[in-house]
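For what it's worth, the numbering used here labels the leading residue of the sequence shown as 2, then goes sequentially. Where a beta carbon is used, it is the ideal one built from N, C-alpha and C, also for glycine.
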Amino acid sequence: MNQVEIVGNLTKDPVIKATNTGKMMARFSVAVDRSYTTLGGETKTLTDFITVVAWGQTAEAAGNYLKKGSRVFVLGRYTNRTWDTPEGIRKYITEVNTNFIACPLGSWEWEGKKGGKPKPASPGNQDKRNFPANGPSPFPSNFGTPGEGPDGMNPFDGNPFM
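Shown next as C-alpha cells:
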C-alpha cells in the first residue's frame, strides 16, 4: 500500500504550469515537523520539506487558494522520477502525488456569517484569493471532501480518521 498523509505549512506559493497536453499541474513544498527525544531526555524537532504535485482541478484550486504559510492536509502516494540533465547526469526525485488537499479545521476564518467568504487565518491577511460569496464552489468535488479519486480508488478506505 502506498498512501501518504501529511499535515504542514506551504514553504512558498504553489507553482502552476500546464503540460503540453493542457493539463494543469501544481508543485509546492510542505514543511512538516517531527520530534524525537535524545538519550539525555531532551526533545528535539526536525523539519522535513516534502515536495507535493497536484493535477487537474486540484492543481488549479491549489494555485488559486493556497499560499506560502497555508496549513494543509495532503493525501497522496509517493512517486519517484528520474531524468537526465543536458550534461548526462541522472537526477532523481521523490514526490507526493496528491488528488486530495484540505485545510485543517481552525486554519480558515470566515468573513461575516451566512454567505461569507473564508480566508486563511492570520493577522493582517492581505490575501485577495478569497472564495466567492455565493455561486458554485471553485474546488473540484474531491478537494477537501472524502470520495473517489481520479484514479478510481477511494483514498479513505480503511482510514480510521474519516
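Can you grab the Cα-Cα spacing for the pair residue i / residue j, in whole Å?
i, j, result
"Val16", "Gly9", "17 Å"
"Thr12", "Lys18", "18 Å"
"Pro105", "Phe74", "6 Å"
"Gln58", "Gly23", "12 Å"
"Ile90", "Arg72", "36 Å"
"Leu67", "Asn21", "24 Å"
"Glu88", "Glu43", "46 Å"
"Ile7", "Met25", "22 Å"
Can you tell me whether residue i is helix, strand or coil according to DSSP?
i, result
"Asn65", "helix"
"Gly9", "strand"
"Asp14", "coil"
"Arg130", "Note that Arg130 scores a pLDDT of 42, beneath 50, so its modelled location is shaky and nothing firm can be said."
Quick test of your reading: residue i and residue j, contact by CB under 8 Å. State the CB separation rounded to the nearest angstrom.
i, j, result
"Tyr79", "Val33", "Going by Cβ atoms, the distance from Tyr79 to Val33 rounds to 14 Å, so no, they are not a contact pair."
"Phe50", "Leu76", "Actually they do not touch by this definition, with Cβ atoms about 18 Å apart."
Return the chain-ordered list of same chain residues with a C-beta closer than 6 Å to the C-beta of residue i, the five sequence neighbours on each side being excluded.
i, result
"Phe29", "Leu11, Pro15 and Val53"
"Arg82", "Ile94"
"Asn27", "Note on identity: in this sequence residue 27 is Ala, with Asn being the wrong assignment. Closer than 6 Å at the Cβ level, and outside the excluded window around Ala27, lie Pro15, Ile17, Ala55, Ala60, Ala63 and Gly64."
"Glu96", "Thr52, Val54 and Thr80"
With a threshold of 8 Å on Cβ separation, who are the neighbours of residue i within its own chain once the five nearest residues in sequence on each side are excluded?
i, result
"Leu47", "Asp34, Arg35, Ser36 and Tyr37"
"Thr39", "Lys45"
Below 7 Å CB to CB, which residues in the same chain sit around residue i once its five sequence neighbours on both sides are set aside?
i, result
"Lys92", "Thr83, Trp84 and Thr86"
"Gly41", "none"
"Asn98", "Val54, Gly77, Arg78 and Thr80"
"Asn3", "Arg78 and Tyr79"
What are the complete alpha helix (DSSP H) segments, minimum 4 residues, inside the segment 16-103?
57-66
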